[in-house]
Every structure is written in C-alpha cells, then in structure tokens.
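Colleague:
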Amino acid sequence: MMEKMFATIVRTMVGANHGNGPLAGFDAAEQFCPDRYYDTDVARNINAAFLILLSGCDHAQYSVAERYLDAFEAEEKWQNIVRFMKNGAALIKGEIRNLCHEDDDFKNTLEKAERFCAAQDTSWGVGSLKKIWEVLFPEGADCLLDQAEKILSLRADRRVRITAPNASPLDNPSRQMLFLSNLLVTTPGDPDSLKYLPYGSRMVEKLRQVMREKQRYWFDHPIQIGVSNDNNEAIYGLRGLDNAISFEKERGVAQPADKLTCLLSVSVTHDGLHGIVKDYLREVYAGTGPFEHLNIYLFSENDTDLITTEILLPAMEKYLGVRDAGSLRRVFGVDGEYGRHYSFLKAMSALWQVLIDPVVKGSFKLDLDQVFDQEVLVKETGNSALEHFKTPLWGAKGEDAEGNPVDLGLMAGALVNAEDVSKGLFTPDVPIPDPIPQGEALVFYSPLPMGISTRAEMMAHYDTDRLDGIHSCIQRVHVTGGTTAALIESIRRYRPFTPTFIGRAEDQAYLMGSLFAKPNRNLRYLHKPGLVMRHDKAVFAGEAIEGAKLGKYMGDLVRILFFSYYVRALPWPSNEIKKIIDPFTGCFASKLPFTAVYLRLSFHLAEMFAHDDESVNVEGIQLLELGVERLEKIIDELNQTPNPLIEKYRQEKEGWDLFYDLLDHLEEALAKGDAFALNLRDRARKLVEDCRV
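Start counting the sequence shown at 0; every next residue gets the next number (numbering that gives the first Met the number 0).
(1) In this structure, what does DSSP give as the bridge partners for V531?
(2) Between R82, N19, E72 and D57, which has its C-alpha nearest V627's C-alpha?
(3) Spell out the partners DSSP gives H526 in its beta bridges.
(4) For the alpha helix (DSSP H) that contains I355, what are its first and last residues?
(5) Excluding the five sequence neighbours on either side, which residues of its own chain have a C-beta within less than 8 Å of the C-beta of G271, listed in chain order?
(6) Please confirm whether P582 and E138 have their CB atoms less than 8 Å apart.
(7) Measure the alpha-carbon distance for F425 versus D464 and round it to whole angstroms.
(8) Here's the rule: buried if 16 or more other CB atoms are within 10 angstroms of the residue's CB, otherwise exposed. What is H100?
(9) Can you tell me which of the three DSSP states K671 falls into?
(10) Ordered along the chain, which non-local residues of its own chain (more than five positions away) have a Cβ less than 8 Å from that of R520?
(11) Opposite C261 in the DSSP bridges: which residues?
(12) Go through its chain and collect everything with a Cβ distance to K360's Cβ below 8 Å, but skip five positions before and after it.
(13) Can the beta-carbon of L68 be found less than 8 Å from the beta-carbon of V13?
(14) For T268, I'd like the list of residues in its chain whose CB is within less than 8 Å of its CB, leaving aside the five on either flank, ordered along the chain.
(15) Give the single residue among A42, A484, R158 and Q223 whose Cα lies nearest to the Cα of L193.
(16) In or out: R494 buried (at least 16 other Cβ within 10 Å) or exposed?
(17) Are there three or more Cβ pairs, one per stretch, closer than 8 Å when the stretch 490–506 is compared with the stretch 334–343?
(18) Report yes if the CB atom of F290 is closer than 8 Å to the CB atom of L262, and no otherwise.
(19) Quick check: what's the CA-CA separation for N638 versus K685?
(20) Compute the beta-carbon to beta-carbon distance between I579 and V478, rounded to the nearest angstrom, for a pair I have assumed lies under 8 Å.
(21) Along the chain, where does the beta strand (DSSP E) that runs through I161 open and close?
(22) First and last residue of the beta strand (DSSP E) that includes K396?
(23) Name the DSSP bridge partner or partners of K364?
(24) I'd like to know if the stretch 674–692 and the stretch 599–618 are in contact, where contact means that at least 3 CB-CB pairs between them fall below 8 Å.
(25) On the DSSP bridge list, what partners appear for C472?
(26) According to DSSP, is Q60 part of a helix, a strand, or is it coil?
(27) Measuring straight from C-alpha to C-alpha, what distance separates F71 and D34?
(28) For a test of the three-state rule: what should DSSP assign to T39, helix, strand or coil?
(29) The alpha helix (DSSP H) that contains Q507, what's its start and end?
(30) Measure the alpha-carbon distance for A508 versus Q650 and round it to whole angstroms.
(31) With distances taken Cα to Cα, identify the nearest neighbour of E316 among L657, E386, F5 and D506.
(32) Between which two residues does the alpha helix (DSSP H) harbouring P448 extend?
(33) Please name the residue, chosen from S362, E401, L414 and T380, that lies closest to W393 on a Cα-to-Cα basis.
(34) Can you tell me the Cα-Cα spacing of I306 and A155, whole angstroms?
(35) With C-beta atoms as the reference, is T499 less than 8 Å away from E336?
(36) Distance check for K76 and M553, CA to CA, integer angstroms please.
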C-alpha cells in the first residue's frame, strides 16, 4: 500500500498527469526508446526504465521497462549499471515501507502527498513542490515559505547568553596562532601535457606511471600538477596571507620580526604521488618569490607516518603501556577523504603546543583560494584580520536558547565572493534561490536551506539589545572549511574530530561527534561578525573546478549517505542532533538516504539526457558509470545491520582519545624534566624542521 502511494508520487513527478506536464519537467516515458541502441541511447533508456519501475505497475510501460532491464542485465557491458539501478529500486521501496512502519508522521505526510498527486489539477508550483518536499526533503519544505521569519527564528535558536567571557583572550595572534590549510594535489589534466612540464625526467616518468593508476580520492578543485603559478592555489592563498601579515605589521598589530606559522597538509588523489608530491611543491615554491612573513611547513602522508613511528609510538609504549597503534594510525594522517586531513590539522595544533611551541594557543583554518581583504576589513569592521581573533567571546562560556551550558571554544567567520566585494563585505556568498528550478531540485535542493542558513548565521551582526556581542552572541552550526578557528585548550578537552569516511562538509561534521560529549557543558562555534575572507576560487581555479565537476557532484551524493548514517551512529538520539543541525547541515542527514541519492542521480541524468548535445549525453554516461563505481560499495556497506558506522565511530574515537591522552602525559613528563620526553621533543622538532619549506 505504501509503495503504491509512493509510485503515484513518482508518476506525477516524471510523467504526464491528467493533461498536466510532469512536475520534474521531463517525461520518463518520452526518454524511454528501447528501439535505439547507441551507448547514449542505452544509458538514457536504463535510467528512464528505472524511473518507470518506480512509477509502479500502473504505468503504461512498466512491463516493457522491466523486460528491457532484464535483457541488458545479461549484457556484460551494461550488467553492473543495470544491477545497480534495479537494486536501487528495491532499496527505495524498502526504505519507504520501513519508514512508514516506524514513523506515523511520515506515513501521514506520504498519504497527503499521494492524495494531492492523484488530484486532476496537479501542476508545477510552490504548492506541489511543498507537498513533494514534505516527503523527500522536509528541511527544504520548512524553508519554502515565510523565509524572513525562518531566518529570524533560526537566529533566535542559535542565540547564546554569555555567562563568562574568556578571561585570557589572545593578545598577540601572530605569535599565539597557527594558520592551517590543506593542499590537494592531483595529476595533470591532459597526458599529452607531460612533455611540456618544466620538471626533471624522473618526475615526468613517474607522473606518466601515476596517470595509469586508478584514482583513489576525489576533491572539489585539486591542484593539477603543471598548472601555472598564476593559477596555483599552493601559491595564491599563501601570497594573500603573506600580504595580510605585511599589512598587520604596518598597522602595528604584529611585530616587524614576527613570522606567521603555517601548517599545510598535502593530500593526493593517487597513491603514486606520495613519492613526488613534496618534490613538486618545493619546485613550485622555489619558482616564486619568497614569503617574507610566513614560516611554512608541509606534511605529507610520509611525514605523518614518521611522526607516528618516531614520536607517538615510543611515547605510547612508555607512558601508556600501549603497543598496538592501529587505532591511532587509522586517524592520524593526511591521505584519504577530507575528514582525515581536516582532523589532522586541528590535532597537529595540539601536538605543536606540547612538543614544538607552548606559546601557541589557537589555530585558524583557511582554504588557499581565500584571502583577507585587509583594507576592506578595516573600513567596514574597524578591525584587521588578526584583531578579530582578540575577542573575549572566543572561549567564553554561555547558555544556549534552551538554557544548556556551552563552551565557545571554536569560532567561525564567513566568506564573500570576489565579484561581490564591491557591494560590501557582508554580501552573502550564497543567494536564496528564486525560483526553484524543476528537475533534480524536486527531490533535493540544498541551495535553499543553505541560503537561509547563510543569512541567519553568517550574516548576523551584534548590533541589537538581544545580540550585542558582549552579553549575547550567535553559535554557528553552518561553517565552511576555511574561516574556522579553534582554541587548543578546547580541542584537547573535548576532542572533536571528523571521521575519516566523511568526504564532504568535513567542517560541519567536525562538531557533530561532540555535540553532547560532556554532561555539564558542550563545545560550540562562536559566530564572529566581520571575520570575513574573500573567496577567489572562480578568479583563478576555473580549470580545476571544471575538471572535478563530476567528482564533486558524486561527493555530494556520498555526503547524504554518510551524514544520514553517521547521525544514526552517534550515541545520542537522532532527533536531538537534527534539532541542532537543521536546516542546512541537517538536510544531508536524510531519513530516506537511498531514496534521495538514487532519485537525485536519476533526475540529474534525465536532465542531461534531455539535451540533444552529444557531449552532454556522453558526460551522462560518465556520471552513471562513476555513480556505480563510487556509490555501489558504500550503499552495500551501509545497508547492513547493525549500522557499520557505529563501530567505525567507536574505533576512531578510541584513536583520538589515545592521541590526546598521550599529549597530556607528554606535557606532564616535559614539565617534570623527564629525559625520555625531552628526547622525543627534540626528535619532533627535528622532524618538523625537515618539513619546512
């Protein structure tokens, strides 16, 4: 019964209904042409047949579509794709059925949507979109109407009453802070370009071998080896930071002799890049002007292995009596999904405080396609970049809107797009979309809650009695990978981390595992108005963005799968977590993750196949093949009982607890003048110095 109701909804989305056009803007039946046999035709037909199956046996072409899929499942070239799509149809039906059984509110919502779709006047508009979204994308449905009120309501939910400001805020950020970022490096975009690269024959030959390897990891816009210096993030962001510190010295905020310490993780897309990536980066930096105001350190996976083997493991055995380093090696490193290097950088700041420089109190993570526009900052906020870090709100104690005690040991700023700076520093970098497009957006459309959340959180000013920046402030859930800061004391106390399986929105996942970690106080992000960086990625990284387009889209689907199951794996009620992280972060934690992912992919493909452009159709085949390659294994793993992320979270928490316990013991031993600890500190400083550019 529930499956039949859902089939009615799907038929209304992708098929003509009582003379009205499909709500999605394309008709699956029109795309299903089983008498055509070019590869693009077969891929389009498989996708259309999948949607027809979901439309139920009342669809006129149901039996034909079923036979078509059975026939092509027997063909070696297409069997993996057909199997993947047929399995998806079964997963969706099971997911709908199970959720109806577990959740009466969802069942009632489904029934209302089915009655609406069965009516004869169903047509595209806000009303029909809201009915569909209440089933598939409730976080978006909640943002669809009364958006101004939604922004105010969300801001009220995020309000924190300050009970005690930080008694010892930072007073010398250029000395007391580490600046962190990640370099994501991949192979050249074109194999033919290898002969033109200005590198030695050994590196070129190694690159030739690497380009024949299977890619392990996908990033949004990785640095392609061989890209010009003008378009290289490895240079661009550091040059901007170097200029920003020069400005701070002229302003008197930093001393003339100060150099900002920058720790850069170096992650790669192919295993074969391990041996050459730092050689490549050293050549890049040797080929550009010096960074006079920065001390730069590069940490590759090889370097983190050395730190683990030569520093952490001996310390574990000496002070904790632990020899098995499996749980620590699993989490401490830079290769892998975004979550791994993100957690490493935060944790490295704690190690730095204990073994390298105890003066350091905090860190700031930026992306290297972002810069501080210092003159604009001072003009519009009255403070330079470093002056924003001196606020006593960072590290303050407070109470949230429900009276729960919170610790504002983390801090978040905002972004402004380069093309919008002329409009003002506080121009949202994400618009509220209007109108909502047809197609894939009918299933899932994160730009709407993202636009709402951006205004509610990132654009909040402290200029009213209820939000004065002294007695009250905003806590942040929606944060970006750059413009996030952390007090090392807070990291060591609460031990937040992003799991290594998180490949997108690692910044937002960082806090999720610590939301309710302490019974009497919990770690939260402070919103710091004016801590705004200019986002320049479109100015210089267009080629890398285009080259990573399909991988980025697939990463967005993977994000839904892992966020949805991660929320269920954490040791607190899912509804309590969702209450905090909705609407934007939470919209990726779906009650129907398999349904959302399969429908998003299928609708996206249908939009691509609706074009007569052969290049777009070929790209559709590539996306479909990539979907099978990247999604099938993850879906098979997550579709197990119990939730496999429960054990992964437990193991990774164990690894990080071991790491932070170890730092506490090392710090205590150093304070006592323990010879073994002093020797480890010397070795650590030598390893770190070897990583210096």
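We put the beta carbon where it would ideally sit given N, CA and C, even for glycine.
Modeller: Straight from the coordinates:
(1) Reading the sequence shown from its first residue, position 532 is the one you call residue 531. Answer is A413.
(2) Position 628 of the sequence shown holds residue 627. Checked all of R82, N19, E72 and D57; the closest Cα to V627 is R82.
(3) The count along the sequence shown starts at 1 and reaches residue 526 at position 527. According to DSSP, H526 bridges with A411.
(4) Residue mapping note: residue 355 aligns to position 356 of the sequence shown, counting from 1. I355 -> no alpha helix (DSSP H), and no H or E assigned at all.
(5) On the sequence shown, residue 271 is found 272 positions in, with the first residue counted as 1. Here the set comprises K205, Q208, V209 and E212.
(6) Indexing the sequence shown from 1 puts residue 582 at position 583. Indexing the sequence shown from 1 puts residue 138 at position 139. Closer than 8 Å, so yes.
(7) In the sequence shown, residue 425 corresponds to position 426, counting from 1. In the sequence shown, residue 464 corresponds to position 465, counting from 1. Answer to the nearest angstrom: the Cα atoms are 21 Å apart.
(8) To locate residue 100, count along the sequence shown from 1; it is residue 101. With fewer than 16 other Cβ atoms within 10 Å, it is exposed.
(9) The sequence position of residue 671 within the sequence shown is 672, counting from 1. Here K671 sits in coil by DSSP.
(10) Position 521 of the sequence shown, counted from the first residue, corresponds to residue 520. Hits under 8 Å: K396, P404, V405 and D406.
(11) In the sequence shown, residue 261 corresponds to position 262, counting from 1. In the DSSP output, where bridge partners are listed per residue, C261 has F178 and I295.
(12) Residue mapping note: residue 360 aligns to position 361 of the sequence shown, counting from 1. If we look at K360 and ignore the five residues flanking it on each side, its Cβ neighbours are L169, Q175, M176, Q352, L486, I487 and E488.
(13) By 1-based counting over the sequence shown, the position of residue 68 is 69. By 1-based counting over the sequence shown, the position of residue 13 is 14. No, these two residues do not count as a Cβ contact at 8 Å.
(14) Translated into the one-based positions of the sequence shown, residue 268 becomes position 269. L183, V184, T185, T186, Q214, R215, Y216, W217, F218 and P221, listed in sequence order.
(15) What you label residue 193 is simply residue 194 of the sequence shown in a count that begins at 1. The shortest C-alpha separation from L193 is found at Q223.
(16) As a first step, residue 494 is located in the sequence shown; it is residue number 495 there, counting from the start. The residue in question, R494, is buried, as its Cβ has 16 or more Cβ neighbours within 10 Å.
(17) yes
(18) The residue you call residue 290 lines up with position 291 of the sequence shown. The residue you call residue 262 lines up with position 263 of the sequence shown. Not in contact: F290 and L262 (Cβ atoms no closer than 8 Å).
(19) Locating residue 638 in the sequence shown gives position 639, where the first residue counts as 1. Locating residue 685 in the sequence shown gives position 686, where the first residue counts as 1. Distance between the alpha carbons of N638 and K685 is about 46 Å.
(20) In the sequence shown, residue 579 corresponds to position 580, counting from 1. In the sequence shown, residue 478 corresponds to position 479, counting from 1. That belief does not hold up - the Cβ atoms of I579 and V478 are roughly 13 Å apart, past 8 Å.
(21) What you label residue 161 is simply residue 162 of the sequence shown in a count that begins at 1. Taken as a continuous stretch (DSSP letters only), the beta strand (DSSP E) holding I161 covers R158 to A163.
(22) Counting from 1 along the sequence shown, the entry for residue 396 is found at position 397. From DSSP, the beta strand (DSSP E) with K396 extends over K396 to E398.
(23) Looking up residue 364 in the sequence shown gives position 365. Answer by DSSP bridge pairing, in chain order: L179 and T483.
(24) no
(25) For the purposes of this step, residue 472 is taken as the residue at position 473 of the sequence shown. For C472, which the question treats as bridged, DSSP gives the partners V159.
(26) Counting from 1 along the sequence shown, the entry for residue 60 is found at position 61. Looking at Q60 - three-state DSSP - the assignment turns out to be coil, as it is neither helix nor strand.
(27) Numbered from its first residue, the sequence shown carries residue 71 at position 72. Numbered from its first residue, the sequence shown carries residue 34 at position 35. Rounded to whole angstroms, F71 to D34 spans 13 Å at the Cα level.
(28) Your numbering for residue 39 matches position 40 in the sequence shown. If DSSP states are grouped into helix, strand and coil, T39 belongs with the helices.
(29) In the sequence shown, residue 507 corresponds to position 508, counting from 1. Taken as a continuous stretch (DSSP letters only), the alpha helix (DSSP H) holding Q507 covers E505 to M511.
(30) For the purposes of this step, residue 508 is taken as residue 509 along the sequence shown, with counting starting at 1. For the purposes of this step, residue 650 is taken as residue 651 along the sequence shown, with counting starting at 1. If you take the alpha carbons of A508 and Q650, they lie about 17 Å apart.
(31) The residue you call residue 316 lines up with position 317 of the sequence shown. Out of L657, E386, F5 and D506, L657 has the C-alpha closest to the C-alpha of E316.
(32) The residue given as residue 448 occupies position 449 in the sequence shown. From DSSP, the alpha helix (DSSP H) with P448 extends over P446 to S452.
(33) Counted from its first residue, the sequence shown places residue 393 at position 394. The option with the nearest alpha carbon to W393 is S362.
(34) Taking the sequence shown and counting its residues from 1, the one referred to as residue 306 is at position 307. Taking the sequence shown and counting its residues from 1, the one referred to as residue 155 is at position 156. So the alpha carbons of these two residues sit roughly 45 Å apart.
(35) Here the question's residue 499 lines up with position 500 in the sequence shown. Here the question's residue 336 lines up with position 337 in the sequence shown. Closer than 8 Å, so yes.
(36) Counting from one through the sequence shown, the residue named residue 553 turns up at place 554. Counting from one through the sequence shown, the residue named residue 76 turns up at place 77. Distance between the alpha carbons of M553 and K76: 22 Å.
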